[in-house]
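Remarks on the structure that follows.
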Amino acid sequence: MPAAVGLVRAARMAMLAERIPAALAAEWGLVAFCEPDDTYASRVEEITARLASGPTAAHARTKEAFNATALAGPDAALARERGGSSRCSAPRTSPRGARRSRPSGSRTSPAGERSGEPVPRR
Numbered sequence: 279m280p281a282a283v284g285l286v287r288a289a290r291m292a293m294l295a296e297r298i299p300a301a302l303a304a305e306w307g308l309v310a311f312c313e314p315d316d317t318y319a320s321r322v323e324e325i326t327a328r329l330a331s332g333p334t335a336a337h338a339r340t341k342e343a344f345n346a347t348a349l350a351g352p353d354a355a356l357a358r359e360r361g362g363s364s365r366c367s368a369p370r371t372s373p374r375g376a377r378r379s380r381p382s383g384s385r386t387s388p389a390g391e392r393s394g395e396p397v398p399r400r
């Protein structure tokens, strides 16, 4: 994505998880077209008819060439993404979670020793 929208925009999208309005997505080059609901269906018909009436074999080869360039090295990118995701989702142990639980009713004595006997409150 950084190649399409730039490093700063890609980082913004990844870090802040902001919703991007359709018009802005088109402006940034994330989508090819942005069409209002009332003209969407007719625009889709227009684009598909134009593509279908063109040199479809040439379109297929052009798409393959673009994908080969744009998607070069996706295995490394996916491996990096998997590694980052698993590190982010790994359970963490906080100081609270790391404490041993004590038997019910036991407290630490003033001397710092643990016993099964409750320590009277002062």
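For the numbering used here, add 278 to where a residue sits in the sequence shown, where the first one is 1. All residues carry an ideal CB built from backbone N, CA and C; glycine is no exception.
How long is the line joining the alpha carbons of residue i and residue j, rounded to whole angstroms?
{"i": "His-337", "j": "Arg-328", "result": "11 Å"}
{"i": "Ser-331", "j": "Glu-342", "result": "19 Å"}
{"i": "Phe-344", "j": "Ile-325", "result": "19 Å"}
{"i": "Ser-320", "j": "Gly-307", "result": "22 Å"}
{"i": "Leu-356", "j": "Thr-334", "result": "31 Å"}
{"i": "Leu-349", "j": "Ala-281", "result": "11 Å"}
{"i": "Cys-312", "j": "Thr-340", "result": "23 Å"}
{"i": "Ala-346", "j": "Pro-314", "result": "32 Å"}
Going along the chain, which residues of its own chain have a beta-carbon closer than 7 Å to the beta-carbon of residue i, five neighbours each way excluded?
{"i": "Asp-353", "result": "none"}
Which residue marks the beginning of the alpha helix (DSSP H) containing residue i, and which one marks its end?
{"i": "Pro-333", "result": "Segment: none, Pro-333 is in no alpha helix (DSSP H) and carries neither H nor E."}
{"i": "Leu-303", "result": "It should be noted that the sequence gives Ala, not Leu, for residue 303. Unbroken alpha helix (DSSP H) run through Ala-303: 300-306."}
{"i": "Arg-287", "result": "285-294"}
Near residue i, which residues of its chain fall below 6 Å by C-beta distance, leaving aside the five closest residues on each side in sequence?
{"i": "Ala-303", "result": "Val-309"}
{"i": "Met-279", "result": "Ala-288"}
Suppose the cutoff is 8 Å on Cβ atoms and the five residues either side in sequence are ignored; what does the same chain contact list for residue i look like?
{"i": "Arg-290", "result": "Glu-296"}
How about residue i: is its Cβ closer than 6 Å to a heavy atom in the ligand MN?
{"i": "Val-286", "result": "The ligand MN is absent from the structure shown, which contains no ligand whatsoever."}
Classify residue i: buried if its beta carbon has 16 or more other beta carbons within 10 angstroms, exposed otherwise.
{"i": "Met-293", "result": "exposed"}
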